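Each remark here refers to the structure printed beneath this line.
Put into structure tokens, the structure is as follows:
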């Protein structure tokens with residue numbers, strides 16, 4: 005491939021109409037400009053300039069080439085400007101995957117602070133389940149993601165960053181159930197509200213019930229924390245929810261937490277990253293922020 009600097013020298017010479025003037029603008033010597041022009045002409049096999057006593061003028065071939073060189077170098081300069089802006093975090097995009105509940109209750113405070121510091125960075129959130137998030141990180145569609153642990157994936161690095169405590173919650177119609185600790189079997193016999201089968205919370209519940217050989221068979225499946233909360237409040241049954249996500253409802257009495265004979269273990273949330281691919285510049289400060297607050 006022909007040396008790109010030769011094209012740059014050709015452009016300056018064509019605009020200046022004089023080798024010495026072009027050299028001055030480029031902060032190089034006049035022989036360096038002359039050498040570059042000769043090398044470019046040799047590579048292309050045509051004369052680009054007519055040499056005159058007081059300067060140079062473009063040949064027909066030189067005029068044809070000039071239009072392409074101007075366009076190409078303009079595009080390259082624009083690219084350099086964009087990259088420089090991205091390096092200074094004046095441009096760029098942060099692509100994150102997480103469940104809707106984790107976006108709202110875990111990511112939002114961090115995103116708010118990040119946006120204040122870097123208002124020009126675009127933020128693209130992709131609500132998804134853990135398996136989809138991990139695949140999108142592997143395929144380069146996401147920079148990072150919050151996932152429920154345990155989670156593994158080839159080529160990925162996952163850092164635990166938070167712990168969540170789940171519980172069983174009901175509305176006023178089931179308030180009497182909070183009078184004493186309930187066994188796993190008693191819970192299994194109650195009307196249960198749950199996420200869909202693909203969710204990490206659903207898998208967690210199934211494993212917890214299975215320890216005492218009880219089946220976890222929800223009567224109603226819903227797609228969000230907000231819907232589970234509303235259905236529990238309305239008296240449809242018992243919802244397994246993360247305590248921190250319904251703290252407001254607990255405080256004002258719209259939800260009541262049931263006590264269980266066997267405590268639910270805390271669940272960990274991890275930050276998933278590609279283990280071999282360098283982070284986008286826009287993602288680096290956000291990931292650093294999350295890791296700084298990790299467990």
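Residue numbers (this note's numbering): 5 to 299.
Every residue gets a Cβ at the ideal spot worked out from N, C-alpha and C, and that includes glycine.
Quantities reported herein were computed from a predicted structural model and do not represent experimental measurements.
- Out of 241, 234, 166 and 199, the CA that lies nearest to the CA of residue 133 is found in 199.
- Straight-line measurement puts the Cα of residue 226 at about 20 Å from the Cα of residue 252.
- In this structure, the CA atom of residue 184 is about 8 Å from the CA atom of residue 262.
- Using a Cβ distance threshold of 7 Å, residue 197 and residue 235 count as a contacting pair.
- At least 7 Å separates the beta-carbon of residue 172 from that of residue 259.
- For residue 128 against residue 81, the beta-carbon gap comes to about 28 Å, at or over 8 Å, which does not count as contact.
- Annotation: the region 243–274 contains the following complete segments of the alpha helix (DSSP H) (minimum length 4 residues), in chain order: 251–255.
- The C-beta of residue 177 has fewer than 16 other C-beta atoms within 10 Å across all chains shown, which makes the residue exposed.
- Separation of the CB atoms of residue 159 and residue 280 is rounded to 6 Å, and the pair is thereby assigned contact status at 8 Å.
- Of the residues 111, 10 and 201, the one whose Cα lies closest to the Cα of residue 295 is 111.
- Nearest to residue 55 by alpha-carbon distance, out of 48, 68, 46 and 41, is 41.
- Shown here, residue 145 sits in coil according to DSSP, grouped into three states, outside any helix or strand.
- Here residue 72 is exposed: its Cβ has fewer than 16 other Cβ atoms, across all protein chains shown, within 10 Å.
- Assignment of residue 189 by DSSP, reduced to helix, strand and coil, places it in the helix class.
- In the structure shown, residue 228 falls within a coil segment according to DSSP collapsed to helix, strand and coil.
- For residue 217, no alpha helix (DSSP H) run applies, since DSSP gives it neither H nor E.
- In the three-state reduction of the DSSP assignment, residue 164 falls in the strand class.
- Non-local C-beta neighbours of residue 74 in its own chain, meaning closer than 7 Å and more than five positions away in sequence, comprise 15, ordered along the chain.
- Contact annotation: residue 271 and residue 114 have beta-carbon atoms that are not nearer than 7 Å.
- Counting only residues of its own chain and dropping the five nearest sequence neighbours on each side, residue 11 has a CB closer than 6 Å to the CB of 73.
- For the 7 Å CB-CB criterion, residue 194 and residue 242 form a contact.
- Here residue 170 is near residue 244, since their CB atoms are less than 7 Å apart.
- Residue burial annotation: residue 237 is buried, with at least 16 other C-beta atoms found within 10 angstroms of its C-beta.
- Within the same chain, 220 and 244 come within 6 Å of residue 209 by CB-CB distance, once the 5 residues on both sides are set aside.
- Looking from the CA of residue 223, the closest CA among 191, 141, 211 and 214 belongs to 191.
- In the DSSP annotation of this structure, the continuous segment of the alpha helix (DSSP H) that includes residue 295 starts and ends at 288–296.
- Residue burial annotation: residue 152 is buried, with at least 16 other C-beta atoms found within 10 angstroms of its C-beta.
- Distances from the alpha-carbon of residue 284 to those of 46, 100 and 130 put 100 closest.
- For residue 100, the enclosing beta strand (DSSP E) covers residues 97–102.
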